[in-house]
Amino acid sequence: MSNEILHKQIVEKFNSIFSSPPPEVPDYVADNLGHKLRPYQEHALSQFIFTQEIDQADLYSNHLLFHMATGSGKTLVLASNILYLYKEQNKQNFIFFVNSDAIIKKTKDNLTNTNSLKYLFRKEGIVIDGNQIDIQIVDVFPSLPDPHTIYLKLTTIQKLHLDLTEPRENSLTFEGLEELEIVLLADEAHHINAWTRRDKRKLNTKEQEERTWENTVNRLLKLNPANRLLEYTATIDLTKDVLFEKYRDKIVYQYDLRQFMRDGYSKNVMLLRADEEDRNKMLNSVLLSQYRKYVARDHGIDLKPIIFFKSNLIKNSQNAQEKFINLMKGLEAEELKEVIENGYAIYKHQQSIWSSMFAYYKKIDLNQVVQDLKWDFAEGNLLNANDRDFLSEENALILNSLEEANNPIRVIFAVARLNEGWDVLNLFDIVRISEGATKTKATTDSEAQLIGRGARYYPFEYKDEDSYTRRFDFGGEKSELRVIESLHYHTINDNAYIKNLEKSLKSANIQVKEDKYHHLEAKIKPSFKKNPIFKEGKIYINKLIETTAEDYNTLEKYNVSTVFDIPFEMAIEQKYGSKITYKIATQTYEVSWKVERKYIQKAIQRRPFFHYSNLKNYMPSISSMKTFIESKDFLGDLTLYISLPSETEIKDLDPITKLEMVEKFFESMEKKIRLNYMKNRGTPVFEGVKFSKLINDYQIELNKVNQGISDIDELVQPRNMRDHDWFIYDKAIVNSWENSFINFINDYIKQLKEKYKEVYLIRNERKVKIVEIDGTRGFMPDFLLYLQDESCTYQIFLEPKGDHLRLQDKWKEDFLSSLGEREDVEVLTENEEVRLLGIKFYSETPELKERFRKDFIEKTIKE
0 MSNEILHKQI VEKFNSIFSS PPPEVPDYVA DNLGHKLRPY QEHALSQFIF TQEIDQADLY
60 SNHLLFHMAT GSGKTLVLAS NILYLYKEQN KQNFIFFVNS DAIIKKTKDN LTNTNSLKYL
120 FRKEGIVIDG NQIDIQIVDV FPSLPDPHTI YLKLTTIQKL HLDLTEPREN SLTFEGLEEL
180 EIVLLADEAH HINAWTRRDK RKLNTKEQEE RTWENTVNRL LKLNPANRLL EYTATIDLTK
240 DVLFEKYRDK IVYQYDLRQF MRDGYSKNVM LLRADEEDRN KMLNSVLLSQ YRKYVARDHG
300 IDLKPIIFFK SNLIKNSQNA QEKFINLMKG LEAEELKEVI ENGYAIYKHQ QSIWSSMFAY
360 YKKIDLNQVV QDLKWDFAEG NLLNANDRDF LSEENALILN SLEEANNPIR VIFAVARLNE
420 GWDVLNLFDI VRISEGATKT KATTDSEAQL IGRGARYYPF EYKDEDSYTR RFDFGGEKSE
480 LRVIESLHYH TINDNAYIKN LEKSLKSANI QVKEDKYHHL EAKIKPSFKK NPIFKEGKIY
540 INKLIETTAE DYNTLEKYNV STVFDIPFEM AIEQKYGSKI TYKIATQTYE VSWKVERKYI
600 QKAIQRRPFF HYSNLKNYMP SISSMKTFIE SKDFLGDLTL YISLPSETEI KDLDPITKLE
660 MVEKFFESME KKIRLNYMKN RGTPVFEGVK FSKLINDYQI ELNKVNQGIS DIDELVQPRN
720 MRDHDWFIYD KAIVNSWENS FINFINDYIK QLKEKYKEVY LIRNERKVKI VEIDGTRGFM
780 PDFLLYLQDE SCTYQIFLEP KGDHLRLQDK WKEDFLSSLG EREDVEVLTE NEEVRLLGIK
840 FYSETPELKE RFRKDFIEKT IKE
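Residue numbers 0 to 862, in numbering that gives the first Met the number 0, belong to the letters of the sequence shown in order.
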């Protein structure tokens, strides 16, 4: 028997060129969910469907586990499983059980409350095969079920065990379930392994064995061969042999937290260490939370960030709440001003969240801040999860709707009640309060679990685009928005504790980043800010109109060619311990290969982006995968030109090698489709946008842990430009090609100034974007040259380009070069003459540089 878990076996089977394609997610599943499935959730469902379609699924696939990271949306996968099993296997009876009453109430809301933001199904109702499907919550299942109905029992594992082992009226019994087909849905499933975790230890009596939760669940599963047990958990220790043996052939899908975070679906996790009194820690965390809210508001984003104050004892938690209430009631603007002045003095020279926060507060009205804090953090907006009535239905619904605008809660106090089953996306600060001396590994393991829950990403709309992954990791002009993509864990600065916490975080696969960044800033020179060009001038960009499917009816519209070169991969020898390499030369020749359909299909299977449910979001003109694969407008003529050693023929290549070549093309194609798909199309009409709106100070920030990456260092080399009055910034932050380009412009400044009264070179830092005319591909030229004579203003787009990018970006060069020649280009101006020009790409390659020089001189100096 293989030592690989089932998940890996399925993946290997899908990746085999000789296997059938993995099953697609049925339309009736995707159409009846309230949220779009993410790619990894689609994989999970596809692998589950695969297990249900094999022969003897009742024997080999009746008990499965989804081992998925906290926050990855296991419950949406659960809802998908319900729809699939209802439709394909006629399953109507589902028992959902978990270890906590709070999770039961939350799940009931998610599965039945159509008004909840977290409702898992289609709000208009579930429709399958034209029939409206009802979900009914029941205590017992009917012997004659209604058609088009899903029956759902929600219970705790404790109550389920008690009902079945001590039968009472109107409760489930083993005998009553024998004639039914049931599906058992076990959330936080690691709780039903008490018996397994005993390893070889024997229970004292047969009665004790039968009364274990795990045995009860297993007995339910075995009542009917058609029954199913589906478990969902983020927490299972597969390093324990006994658990590995139990689940090796049952883990149908695995997606750990490390991969989840690496894929950008989580917040960044930052540790903030400090030795502070509780009152100071509370005030700083409140200021940080409100700073998040203000930054979000400044960018048109609606956000209500939550703080979680965690204590080690209920008494400490209750005392912390009293301290907090008194802090907010007594807070005055004078005290806040002193706190901010002191904080700013300490952190102003550091690149951390505190330096950004204190600098922000120095610029705004502190009287208004105090008023906002007293309102937002009033006693009625606090929730203590340690109260006896905490598990009431009302509190469960409050906890399950913390993201909603009409939910006023900003702060939660708790000890351990919320470590599991808490579904909250807008938790941004976890603060340890009244910590005492609890530094054990067990304590930090619990905290790591809580951090994992808080790391769930808060999706928000920015610039009319929704996102469920991080967008601001690399800083830039909007680097302050990183604060709403980060979870901060405020803790003590104790070596023993931190050491254990780091071990716990590592065990939980939680990645922690430094709260330090390398910061470079370029500022517009004060002299230019006084210039009428900056005050009254305009930058011209073309107007956009909405695209249609016709705008994307070929791969060419995405800048994808179905003729693709595969170079011969030359072998390289390197002696161990030496930096000297020796390339093994060999004679090669080129051969063309028209790719067969089976290789295209297999490449599609192995890259989730090309699964139809996702691809149709980028390719509105395709109606089926058949069109995508067979049409000459798409992959019907896919041809690879392969460089082979002279002694090798195409027929000598094994199928895996061929598939790898096709996948190289698919990798390139995916990048171009993502890059070039837009919902808007460019027009030849250019309109002015106020200069100061598009051109302003900018900054680039990089996490210091990335400093060793040479490409990043290449990207952010600063150059002092204070003595060059024609460059509008005090410094240029440029790579080597851009630096060489600036040198070129400097060589021609004297001639330009002899012809024009105003000459300015402008670095475009991701602000000025133009879109190809009658096309959808847009880009942001690196530089604008702004020239003005007595009769006309010239706006010239310039782009230094590395040779490795020249061919794939040729369309940009063609677009720029055409601007001064097209008769349909119209510039909407009020009282001035404006001309738009584009120059060929700048390159350091001598022949290409000469081509640029001629074009530049012809269009700017000779004219």
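Quick reminder that beta carbons are idealized off the backbone N, C-alpha and C, glycines included.
Bear in mind that the values here come from a model prediction, so they are computed numbers and not experimental data.
Residue pairing for LEU760: DSSP places it in a beta bridge opposite PHE726 and LEU784. A straight-line Cα-Cα distance of about 50 Å links VAL137 and ALA495. Every beta strand (DSSP E) stretch that sits fully inside the segment 605-651 and reaches 3 residues is listed by chain position as 638-644.
When ARG296, LYS280 and LYS336 are compared, the shortest CA-CA separation from ASP428 is found for LYS280.
Looking at the backbone, the Cα of VAL430 and that of PHE307 are separated by about 6 Å.
Secondary structure in the segment 498-566: the beta strand (DSSP E) runs of 3 residues or longer, each lying completely within the stretch, are 516-521, 537-545 and 562-565 in chain order. In terms of Cβ geometry, GLY687 and TYR539 form a close pair [threshold 7 Å].
Fewer than three Cβ pairs drawn from the segment 141-153 and the segment 59-70 lie within less than 8 Å of each other, which leaves the two stretches out of contact.
Excluding five sequence positions before and after LYS266, the CB atoms of its chain that fall closer than 8 Å to its own CB belong to PHE427, GLY453, ALA454, ARG455, TYR456, TYR457, ARG469, GLU484, SER485 and LEU486, given in chain order. Counting the other Cβ atoms within 10 Å of the Cβ of THR238 gives fewer than 16, which makes it exposed. With respect to the C-alpha of PHE243, the residue from ILE103, LEU5 and SER739 having the closest C-alpha is LEU5. Cα atoms of PRO224 and PHE471: separation of roughly 51 Å, rounded to the nearest angstrom. Setting aside the 5 residues that flank it on each side, LYS73 is surrounded in the same chain by PHE65, MET67 and TYR231, each with a C-beta closer than 7 Å to its C-beta; the list follows chain order.
Taken in chain order, the unbroken stretches of alpha helix (DSSP H) that lie wholly in the segment 244-324 and span 4 residues or more are 256-261 and 277-297.
Counting every other CB atom within 10 Å of its CB across the protein chains shown gives ASP162 a total of 16 or more, marking it as buried.
LEU797 is classed as buried because its beta carbon has at least 16 other beta carbons within 10 Å across all chains shown.
For the pair LEU153 and LEU183, the CB atoms are not nearer than the 7 Å cut-off. Rounded to whole angstroms, the Cβ separation of SER400 and SER115 is 7 Å, and the two are in contact under 8 Å.
Contact annotation: the segment 546-565 touches the segment 627-637, with at least three C-beta pairs closer than 8 Å.
For the 7 Å CB-CB criterion, GLY33 and PHE93 do not form a contact. Take the alpha-carbon of ALA521 and the one of LEU847: they are about 30 Å apart. Bounds of any beta strand (DSSP E) do not take in MET660; it lies within the alpha helix (DSSP H) bounded by 654-675. By DSSP's assignment, ARG227 forms a beta bridge with VAL182. Per DSSP, the unbroken alpha helix (DSSP H) holding MET356 starts and ends at 352-361. Excluding five sequence positions before and after ILE672, the CB atoms of its chain that fall closer than 6 Å to its own CB belong to TYR557 and TYR617, given in chain order. The beta carbon of THR546 is closer than 7 Å to those of MET677, LYS678, ASN679, ARG680 and THR775 in its chain, skipping five residues each way along the sequence. Three or more beta-carbon pairs separated by less than 8 Å link the segment 23-43 to the segment 79-94, which places the two stretches in contact. Relative to the Cα of SER45, the nearest Cα in the group LYS107, SER739, THR113 and GLN604 belongs to GLN604. The beta carbons of GLU843 and SER691 sit no closer together than 7 Å.
When GLN320, LEU614 and TYR488 are compared, the shortest CA-CA separation from ALA273 is found for TYR488. Here DSSP, grouped into helix, strand and coil, assigns MET327 to helix. Excluding its 5 nearest sequence neighbours in each direction, THR638 has C-beta neighbours in its own chain below 8 Å: THR561, VAL562, PHE563, SER591, TRP592, LYS593 and VAL594, listed in chain order. DSSP places ALA413 in the strand class (E or B) of the three-state scheme. A direct Cα-Cα distance of roughly 33 Å separates ASN734 from VAL661. Looking from the CA of ARG278, the closest CA among ASP301, LEU271, GLU321 and SER288 belongs to GLU321. Counting C-beta atoms within 10 angstroms of its own C-beta, ILE860 has fewer than 16 neighbours from the protein chains shown and is therefore classed as exposed.
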